[in-house]
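**Student:** Take a look at the following structure, please.
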Amino acid sequence: MGSLVHTLGLRLPIIQAPMYGVSTPSLVAKVAKYGALGSFGAGVLPPDVLRQSLDNLVRLVPDKRFNVNLFVESTHPSSSFDTDANWHAFEELLAPVRAAVGVDPTPRAVDRTPAPSSSYLLDAHVALVQEFRPSVVSFCFGVLDRAVIRECQAFAHVIGTATSVEEAIALEEAGVDAIVAQGRVVLCRSRRLTLLFSVGGEAGGHRGTFLELSANDAQIGTLVLVPQICDAVRVPVIAAGGITDARHVTAALALGADAVQVGSAFVGTPESAASPAWKASLGTHHASTATTVTRGLTGRHARMLRNDLVDRLQPHEAWAASSPRQRRRMADIIQQKDGRFSALLVGQGHRACENGASVHDVLARLVGRPLEA
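Written as structure tokens, this is what we have:
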């Protein structure tokens, strides 16, 4: 195993992906129990809810050997989508969807909340992270302020997220301790450690693109992306995307990665907060479980299962607002947890995952042997 595993005090070269909306304190704790790194996605949680989650995390993982992931959204170059004409056209598409899930179908007024407003939430999340002091802090969708990075490095390894070599280099120059290097959609150095996550095109969830020049370049699969990043930076690489068993882990390590990050395989665990429909999609091989990439549901390109909602919105995704505006307008639909009208984020390896699998079984499959707590 690479130096990263030893530096973080892990027994396994496995990192459970943050997966905002899926990861729970109990999932993070169970992953940590077996010597892997559990991650909790703060996402857009209200500060009081995040505080409760962090309280639970510290109670369940007293040594604080876990990762908290933050959204940094203000740098995403997507304002060109935010026109009144696009907004009204998309609202017409949403009216029958809202009616189908029992929500008021009346078109919503244009959301004129400025994109940088998300910085208030980020500031609150950063303050909580600095209060609770987890051993790892990660972020995606942009670059955390350098001063904040330095402050967090007093107690944690700081991990950024990139979707290309260019973004990885930019994050390295910003001074982070880690980089999640995402390829085609899937979700830096210090005195202590420098590492890099490489998430390939097979991964599920959102792409963390923040440099406009990389928007088209970040279409690379894991097998190509990992060695490119390894050759371009002087940091350990963590590979992710389509990783579901020990064969994938072995291949990733052979390509130069120090560890792997895994998301979809944990969606079906009892500790996951994924909806029943989301979990039921795992391990099935019929046409209804095909994945696609769209920005129509959240304002950011993400890999998810095709369903009625995706099929309705994807052809018109150019009308979708930027994130977080699009996410706010879709919230009343997504919150109904109707499998036909949900964002079921999974990777291309989801058919090899199992609904109901224990965390032990997921990790054992990844390392090819039974584990002891």
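For the sequence shown, numbering that gives the first Met the number 0 assigns the number 0 to the initial residue and increments by one for each residue that follows.
For glycine and all other residues, C-beta sits at the position ideal for the given N, C-alpha and C.
From a predicted model like this one, the values you see are computed outputs, not experimental measurements.
Helix, strand or coil: which one does DSSP assign to S2?
**Tutor:** helix
**Student:** With DSSP run on the structure shown, which of helix, strand or coil describes F80?
**Tutor:** helix
**Student:** Under a Cβ-count criterion, where at least 16 other Cβ atoms within 10 Å of its own Cβ denotes burial, should A169 be classed as buried or exposed?
**Tutor:** buried
**Student:** When the Cα of V71 is compared with those of D122, V27, D103 and D47, which residue comes out closest?
**Tutor:** Distances from the CA of V71 to each of D122, V27, D103 and D47 were compared; the closest alpha carbon is that of D122.
**Student:** Under the rule that 16 or more other beta-carbon atoms within 10 Å means buried, what is D257, buried or exposed?
**Tutor:** buried
**Student:** Spell out the partners DSSP gives G159 in its beta bridges.
**Tutor:** For G159, which the question treats as bridged, DSSP gives the partners I178.
**Student:** Return the CA-CA distance between L59 and E270, expressed in angstroms with no decimal places.
**Tutor:** C-alpha separation (whole angstroms): 13 angstroms.
**Student:** My guess is that I158 and V128 are in contact by the Cβ rule of under 8 angstroms, so how many angstroms apart are they, rounded?
**Tutor:** Between V128 and I158 the Cβ distance is about 12 angstroms, and since that is not below 8 angstroms, they are no contact.
**Student:** Take D307 and list the residues in its own chain whose beta-carbon comes closer than 7 angstroms to its own, dropping the five residues that flank it on each side.
**Tutor:** R339 and F340
**Student:** Could you have a look at A231 and say whether DSSP puts it in helix, strand or coil?
**Tutor:** helix
**Student:** Does Q334 pass the burial test, meaning 16 or more other C-beta atoms within 10 Å, or should it be called exposed?
**Tutor:** exposed
**Student:** Drop a sphere of 10 angstroms on the beta-carbon of E166, count the other beta-carbons inside from all chains shown, and report buried for 16 or more, exposed for fewer.
**Tutor:** buried
**Student:** Using the beta-carbon count (16 or more within 10 Å), is H124 buried or exposed?
**Tutor:** buried
**Student:** Going by CA-CA distance only, name the one from V67, S118, Q227 and E150 that's closest to G141.
**Tutor:** S118
**Student:** For I242, name the three-state secondary structure that DSSP assigns.
**Tutor:** coil
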